[in-house]
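Protein sequences appear in the order of chains A and B.
full-length UniProt numbering puts the first sequence at residues 1 to 864.
full-length UniProt numbering puts the second sequence at residues 1 to 270.
Where a beta carbon is used, it is the ideal one built from N, C-alpha and C, also for glycine.
Here the structure is a predicted model, which means the values were calculated and not measured.
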Amino acid sequence: MPALPALLLGLVPLTLTAVAVPAAAADRVVETVLSVRGTPEPDGAPVTLDATLLTTDPSVPRPAIVLAHGLGGTKADSLPTARTLARDGYAVLVYTARGFGASGGLVHLDDPAYEGRDAVAMVDEAAERPEVEKTGTGVSADPVLGFAGASYGGAVALEVAALDRRVDAVVPAFTWADLTSALVPQSRVAGGPGSLADVTPAGGTGVLKAAWAALLFTGTAAGTGEGPGEQATPSVCGRFAADVCRAYVEAARSGTAGDDLLALARRSSPDLSRVTAPTLMIQGEDDTLFGLDQADRVMRGLPPTTPAATAWVPGGHDASIAVDDQLDRVTAWFDRYLKGDAAAPVQPGLSVTVPQTTLVGTGGGADDSGAAPRVLTADAYPGRGGAAPGLRTVALDGGVQTVVNPAGARPGALTNLPGSGAAGAAAAVAGYPLAVLPGQAATFTSAPVGRPFDLVGSGRVRVDVTSSGTEAVLFAGVWDLGPDDPQTHRPTSTVLPGRAVAPVRLTGLTPGRSTTVEVALPAVSHQVPVGHRLRLVLATTDSAYAGPLAPAIYRVALAEPSLTLPALGALTASGGSRLDVPLPLVVGVALVVLAALVGLVLLRRARRSFGAAPERADLADVPLVVEGLEKTYADGLKAVDGVTFTAERGQVVGLLGPNGAGKTTTLRMVVGLMRPDAGAVWVEGRGVHGGADVLASVGALIEGPGFLPHLSGRANLEAYWQATGRPLEEAHLEEVLAIADLGTSVERRVRGYSQGMRQRLGIAQAMLGLPSLLLLDEPTNGLDPPQITAMRRVLADYAAAGRTVLVSSHLLAEVEQSCDHVVVMARGRVLLSEATSTLTGDGRRRLEEAFLDLVGTGPAGGGT
Amino acid sequence: MTALPLRAEVRRQLSRRRTLVVFAVLVALPLVLVAAFALGRSDDPTTARGFVDLAQDSGANLVVFALFASTGFLLVVVVALFAGDPVPSEASWSSLRYLLTAPVRRERLLRQKLVAAALFSGAAFVFLPAWTLLVGGLAYGWGPYVGPTGDQLGYPLVLARLGLVVLYLALSLGVVGAFAFFLGTLTDAPLAAVGGAVVLWIVCAILDQITALGGLRQGLPGHFAFAWADALAPTVDYSAMAQGALWSVGYAVVLVAAAVWRFLRKDVTS
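Written out as structure tokens, the structure is:
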């Protein structure tokens, strides 16, 4: 058994969770509030940025990490993460972006000229701080510095990496690489996917993500007020810069992205080709604002020489943006590229967490351990710097369908409630009837999948669209439908992975003429369970987008009857096979097992010292010597008190005494069933203890026979003999059975035996193997007179063959008639030990009187 | 010492009615399940596919269902019976003293009883899934195992995983057997030893419900009883199983050591 855990440990990589070391947490973080000069506004107004530097020991220069917050936040949002990083040995600089909180200036929506330059100012600040580690000295001092941020701050991280070569590592999260495709997505593509989530638009402006744009702009404007530190009052523009405000208002009013907005979005997208700092891009799988395709853009937009990795993780703008959940990754990235820690965990080029949907809940795993999520990884991001990933297809079924875009785009399909978090998720559960409106959606369905199917990345589909006008807008989504309910014939579950749809705007169409278009479907990470189907839905409306208000009719059909998906052959499922065991448990069990092994060895050694050779050579010829036995029971009764006697070869010795004299207790000690408190028993000169080998030459019947009730008499004797481990020929089974004289009953189960039959079988069992010393405790119990007479003869014959018989009895006559020697016991003591042949005349009377006297006064009680 | 060869001990136990009854119950279990599912099928169909529906997917699924249904109690009783009953049974028949004077050394007697108990328990652990797989395969076909997440395990992988499950079950129920065995060296009443171990299991299951105990619950026998479900995922998370096995093995070693220590010093008066 002890070898088994070791075997398991060898099979899988072992991580031992040691007890948490609170030492690091005890470090006090020193927080210094700073005021950093930012880029002036276009009108020359100076801007100061509110910042804080955190480190546990200001006297030690440390690698720096700058943290940028999300839209509408302040540096306070970054403080918890900053403290954790500070305790990990970093000098952390957090700051409030211009236009928010206590910082001055206006919001330019991550314009490199403003927010980007501000971030560079932070790098300048870090370069001058003594708390920050630097390479080089004086003017050429280059801080060892990383930049991280989520959402609005994530884009700044990418921007500063593009602007400033002094940045040594960046971790953008839940953010954009191309703001145009995030705000005005166009999923019409061409030429097949170049990577896992390739949504490179081909042809024309996309569809305004109206709900998200409104939420971001209006929400932020209302929350920021008109100046730093002022009470927030409702206003149209808030602290947004005038050009940003104007571009948004125009787009919101018209429902289309104007040139101003497009120009602004283009400007606010980082120039990825200039980024040389190692980049870890973390993107959320629940994010209809900045989808997984944005992370794909980063991976393909970075120069091939820039070390880069991306992680698709649960969360995002539709759920929650929890950078702390990803802190292990972030720290590993900075440890590797800032501290130069080669032992930091390597981040795979791609890591995708695939959420597991269950049919029946957890179904009885270890409750609080939680199932590890399935994670797919690839060393290199599929499609980065190399060949495009392979393709696989899923056949879709569905003929030509006609759908209508209603006037005013109402009612609009409800696939998602942007910014509503959990409420949106709840809506999505019941969502199919709300999301796929009759007459407004064409559907194409696959057969049920036979194996769990990973829907990872962005799929492609080619459709033929005929419009009643020159333009067409469609929203494409892929649903996961559960098996149909046999009663309602509706799917038991409907899931729109990521709650994402891909808008396609087709322009320049000829009314009535079909156009084939390739559509990039939303990039998702989802597992389709067995028996579920995929359904492509092409809807004319989506309430989260500003679709065309003019009514139109489209005829939609599949150009190719299949859905094309990136092949996941390069991705390996990892994170599954895991062995995480608390170290103290392993050590504790190992110690227990070790202690048990030591105990076993000691026991063996102790047992081995009992040799086969006589320990008392002088007694080697004496069948039984009992010397000064004493035994006191737990209740204080001294049952045996200094019993000494000897049985010689060829004798039948009678152990005579009233009930309670200590006869049986003595016999139990003779065969080692009990440990005497004092004294010793020698059989042929060898000491007797529990299970001593010398007991093989002792046969015993003590306090009645004991048999397996479900076996026959013969089988019992055979089973007993088998237990001795000696060969059957030595048993003399037939001779012994003849003595028992059970006739045909010997083949019956012992359960049905009379007391006399059991007794005879018990005597027979004691005689098995014809032991040289036979101990019989009250052997005549339950025997009738003829059997008693026969038994006497048997015992006499047995002793006559040179063996020894010790018979205990409470009947004087019994002992007198069958024994050569008598040992009289009472109250645990030996009163008399004499040959019966010498017990004549005076001696005979003495015995009789003594015995009667004893019987009359002996303690009442059982035969112990 | 060759006293009490294993063959002799196995024969002593094999001929007993309780052994036969245990295996009869194990034989009946999958048949009863299949019959119950067949009877229950006429009921109105449920909207969601539950665990019971999954059980009828394939033979392998029926095995998992049967193991799930029996881990909590049936297998516990079986192990407690096989491990807790042999020593006090001999004592209650008065045959223990004759074995010891045969002579069989006490540590030898315990060892052989324990090995035989392990053999019988192991046989039950192997027999139940193997027989259920046969019954389920004939009833529901030989398709792959389909997990609650829709993941599938095909042949022969599912056989290897079921082997892992059986191995883990054997290790994690070792604590029950060891406790029953320990009780058996204290008492002459077989029922006390077997019942005591089952009661321990139930009490621990109740304590395990008290979440306020926090991390202490991990040390409760039975806390990781169902961790074998982890072995049926596409990739195996060995953490819970390793912890369950370690706790069980740790307890078992201590309990068996206590049993040996106690029995070697015991005055056999039965």
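| Asked | Found |
| --- | --- |
| Taking only three categories from DSSP, how would you classify residue 809 (chain A)? | strand |
| Closest by CA to residue 633 (chain A), which one among A:615, A:616, A:665? | A:665 |
| With a Cβ-Cβ cutoff of 8 Å, do residue 639 (chain A) and residue 662 (chain A) count as a contact? | yes |
| Looking at chain B, is there any beta carbon in it that lies within less than 8 Å of the beta carbon of residue 710 (chain A)? | yes |
| What does residue 105 (chain B) reach in chain A if we use C-beta pairs closer than 9 Å? | 607, 690, 691, 692, 693 |
| Looking only at C-alpha atoms, which of A:720, A:64, A:140 sits nearest to residue 761 (chain A)? | A:720 |
| Between residue 674 (chain A) and chain B, is any beta-carbon pair separated by less than 8 Å? | yes |
| In terms of DSSP beta bridges, what is residue 686 (chain A) paired with? | A:683 |
| How many Å lie between residue 184 (chain B) and residue 79 (chain B) at the Cα? | 13 Å |
| Thinking residue 657 (chain A) and residue 821 (chain A) are a contact (beta carbons under 8 Å), I'd like their distance in whole angstroms, please. | Contact flag wrong, Cβ pair sits at about 14 Å. |
| With DSSP collapsed to three states, give me the class of residue 665 (chain A). | helix |
| Along chain B, which residues have their Cβ under 7 Å away from the Cβ of residue 580 (chain A)? | 239 |
| What residue range does the beta strand (DSSP E) around residue 825 (chain A) cover? | 821-826 |
| In or out: residue 837 (chain A) buried (at least 16 other Cβ within 10 Å) or exposed? | exposed |
| Would you check if the distance between the CB atom of residue 91 (chain A) and the CB atom of residue 67 (chain A) is smaller than 8 Å? | no |
| What do you reckon, are the CB atoms on residue 624 (chain A) and residue 683 (chain A) nearer than 8 Å? | yes |
| Report the partner residues of residue 526 (chain A) according to the DSSP bridge assignment. | A:455 |
| Whose C-alpha, out of B:37, B:243, B:203, B:23, is nearest the C-alpha of residue 58 (chain B)? | B:37 |
| Give every residue of the same chain whose Cβ lies closer than 8 Å to the Cβ of residue 441 (chain A), excluding the five residues on either side of it in the sequence, and list them in chain order. | 403, 413, 537, 538, 539, 540 |
| Could you say which of B:216, B:243, B:270 lies nearest to residue 228 (chain B) if we only look at CA atoms? | B:243 |
| Can you find the residues in the same chain that come closer than 6 Å, C-beta to C-beta, to residue 221 (chain B), ignoring five residues on each side of it along the sequence? | 175, 204 |
| Taking 8 Å as the cut-off, decide whether the C-beta atoms of residue 494 (chain A) and residue 481 (chain A) are in contact. | yes |
| Under 7 Å between beta-carbons, which chain B residues line up against residue 451 (chain A)? List them in chain order, please. | 152 |
| Within a Cβ cutoff of 7 Å, which residues of the same chain sit near residue 71 (chain A), ignoring the five residues on either side of it in sequence? | 151, 152, 216, 220 |
| Under DSSP, the beta strand (DSSP E) around residue 464 (chain A) begins and ends at which residues? | 460-467 |
| Work out the CA separation of residue 798 (chain A) and residue 647 (chain A) for me, nearest whole Å. | 14 Å |
| Is there contact here, the region 515-529 of chain A with the region 333-346 of chain A, by at least three beta-carbon pairs under 8 Å? | no |
| According to DSSP, what are the bridge partners of residue 240 (chain A)? | A:107 |
| Residues in its own chain within less than 8 Å of residue 24 (chain A) by CB, not counting five upstream and five downstream? | For residue 24 (chain A), the pLDDT reaches just 47, beneath the cut-off of 50, and the residue's location in the model is therefore unreliable, although a value from the coordinates is still provided. Taken in chain order, the residues that qualify are 87, 88. |
| Under 8 Å Cβ to Cβ from residue 549 (chain A), same chain only, skipping five residues before and after it: list those, please. | 255, 407, 408, 409 |
| Among the residues of its own chain, which have a CB less than 7 Å from the CB of residue 108 (chain A), if the five just before and after it don't count? | 114, 115, 241, 244 |
| Let me confirm a value: residue 543 (chain A) is counted as buried when at least 16 other C-beta atoms fall within 10 Å, else exposed. Which label applies? | buried |
| Let me check you understand the geometry: is the CB of residue 721 (chain A) closer than 7 Å to at least one non-hydrogen atom of the ligand NAD? | Ligands displayed in this structure: none; no statement on the ligand NAD is therefore possible. |
| Taking Cβ to Cβ, would you say residue 354 (chain A) is nearer than 8 Å to residue 374 (chain A)? | yes |
| If you measure from the beta carbon of residue 95 (chain B) to each beta carbon in chain A, is any gap under 8 Å? | yes |
| Out of curiosity, what's the CA-to-CA distance linking residue 37 (chain A) and residue 44 (chain A)? | 13 Å |
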